[in-house]
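Novice:
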Amino acid sequence: MRAFLLALLLLPSLAGASDFTAWQVPWEKTRPRDPAVDAKGNVWFAGQAGDYIGRFDPKTGEFNRFDLPAGTGPHNVIVGNDGDLWIAGNRVGWIGRMDPESGDLETFTTEEQGVDDPHTLIQADDGRIWFTAQQSNRIGVFDPENENLQVWEVATTRARPYGIVLDENEQPWIVLLGTNKLATIEDGELREIDLPREDARPRRLDIVDGKIWYVDYAEGFVGRYDPASNKFKEWRSPSGEDARPYGAIADDDRNFFYVETGPQPNRMIGIDTETGEFIYNEPIPESGGAVRHMFFDAKRDVIWFGMDTNYIGRFDPPDE
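Quick note: the sequence shown uses the numbering used here, first residue 287, plus one each step.
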């Protein structure tokens, strides 16, 4: 049975740049990651190494914990269109739906179609859940209405589908970490797109004005792909080939933020997608290891992320 635990009130750490606030997660060494914000402003996150889903209230500093079955290895959690939580059971081959009040969990197996490791989930406006499966080398979509699961296997072996986003037409775009490619699914067909450099290894991405922005973890670049013209443009990240850019997200001001995880502490980098100029480059207090995924809360104009050092962080982008 899933337990519901209430943690003690914790005060935020305000060390470092004033644009950041960090709260220490009370469950040690559990790798809090992939936060998402609900309609009330609560921040939900996956305790990947602790087999739980956490809820954090920024107004009070309180943490709550919903335990998952042992060995789940939750990789990410999203807040669904109806307020329910969707969870990637990365080590157990299922996608889960959790009631945010009771913690009741319903699971839907993906293993029958060769997906052992649901990785990153994202929900479309029509309610379907798109997802990647890194080690299974697949991309899928799950329809909660009829529990139908459709899966595409990537033609390139060990392509490692990783980050995934949806464009304004709800067409999925994916980065393939195991190779130098992007991927998309259009009219039911999976298509791979080569990046300009053979040794590139894209990890996360987002979309601004119809253009795909991505980070190259292997060689330290940030890039832009325009599907309309089929053209690329790339910039070397400020920390160079050792930048190891990972977590990435765009805001509503057409800025693309990402985290260099090569430097310790990690550094938040911002680029203006209209001019291609770097507009932000600061260390993230309390960070170390990697910031793996980020979430933009448009209502409050802030970016949330988890840290390997066992903190949940908030970044308030400065006014331009």
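We put the beta carbon where it would ideally sit given N, CA and C, even for glycine.
As a quick exercise: from Phe518, Asp370, Met593, Ile493, pick the residue whose alpha carbon is nearest that of Gly389.
Specialist: Within the sequence shown, the letter at position 103 stands for residue 389. Closest by alpha carbon: Asp370.
Novice: Return the first residue and the last residue of the beta strand (DSSP E) that Asp409 is part of.
Specialist: Position 123 of the sequence shown, counted from the first residue, corresponds to residue 409. Going by the sequence as given, residue 409 is Gln instead of Asp. Per DSSP, Gln409 belongs to the beta strand (DSSP E) from 407-409.
Novice: Provide the residue span of the beta strand (DSSP E) that contains Gln436, from first to last.
Specialist: What you label residue 436 is simply residue 150 of the sequence shown in a count that begins at 1. Start and end: 434-439.
Novice: Quick one: what does DSSP say Gln310 is sitting in, helix, strand or coil?
Specialist: Position 24 of the sequence shown holds residue 310. Three-state DSSP puts Gln310 in a strand.
Novice: Taking Val365 and Trp330 to be in contact with their CB atoms under 8 Å, please state how far apart those CB atoms are, rounded to whole angstroms.
Specialist: Locating residue 365 in the sequence shown gives position 79, where the first residue counts as 1. Locating residue 330 in the sequence shown gives position 44, where the first residue counts as 1. Sure, about 6 Å apart at Cβ, within 8 Å.
Novice: Considering only residues of the region 328-393, which uninterrupted alpha helix (DSSP H) runs meet the minimum length of 4 residues and lie entirely inside it, listed in chain order?
Specialist: Within the region 328-393, no complete alpha helix (DSSP H) run reaches 4 residues.
Novice: Any idea if Glu505 is buried or exposed, counting beta-carbon neighbours within 10 angstroms, 16 or more meaning buried?
Specialist: Translated into positions along the sequence shown, residue 505 becomes position 219. Burial call: buried.
Novice: Can you list, in chain order, the residues of its chain whose CB lies under 6 Å from that of Phe342, leaving out five sequence neighbours each side?
Specialist: Taking the sequence shown and counting its residues from 1, one reaches residue 342 at position 56. Cβ neighbours of Phe342 beyond the five flanking positions: Val329, Phe349, Ile598.
Novice: Check whether the Cβ atoms of Ile479 and Ala469 lie closer than 8 Å to each other.
Specialist: The count along the sequence shown starts at 1 and reaches residue 479 at position 193. The count along the sequence shown starts at 1 and reaches residue 469 at position 183. Yes; because the gap between Cβ atoms is below 8 Å, this pair is in contact.
Novice: Just to confirm the assignment, what range does the beta strand (DSSP E) spanning Thr470 have?
Specialist: Walking along the sequence shown from the start, residue 470 turns up at place 184. Unbroken beta strand (DSSP E) run through Thr470: 467-472.
Novice: According to DSSP, is Glu527 part of a helix, a strand, or is it coil?
Specialist: As a first step, residue 527 must be located in the sequence shown, where it is residue number 241. Here Glu527 sits in helix by DSSP.
Novice: Would you report the Cα separation of Leu391 and Arg586, rounded to the nearest angstrom?
Specialist: In the sequence shown, counting from the first residue as 1, residue 391 sits at position 105. In the sequence shown, counting from the first residue as 1, residue 586 sits at position 300. Each residue's alpha carbon lies about 29 Å from the other.
Novice: Looking at the structure shown, is Glu478 part of a helix, part of a strand, or coil, going by DSSP?
Specialist: Position 192 of the sequence shown, counted from the start, is the residue given in the question as residue 478. It is a strand residue.
Novice: Name the residue from Arg414, Ile381, Lys519, Gly449 whose alpha carbon lies nearest to the alpha carbon of Pro488.
Specialist: For the purposes of this step, residue 488 is taken as residue 202 along the sequence shown, with counting starting at 1. Pro488 has its Cα closest to that of Gly449, out of Arg414, Ile381, Lys519, Gly449.
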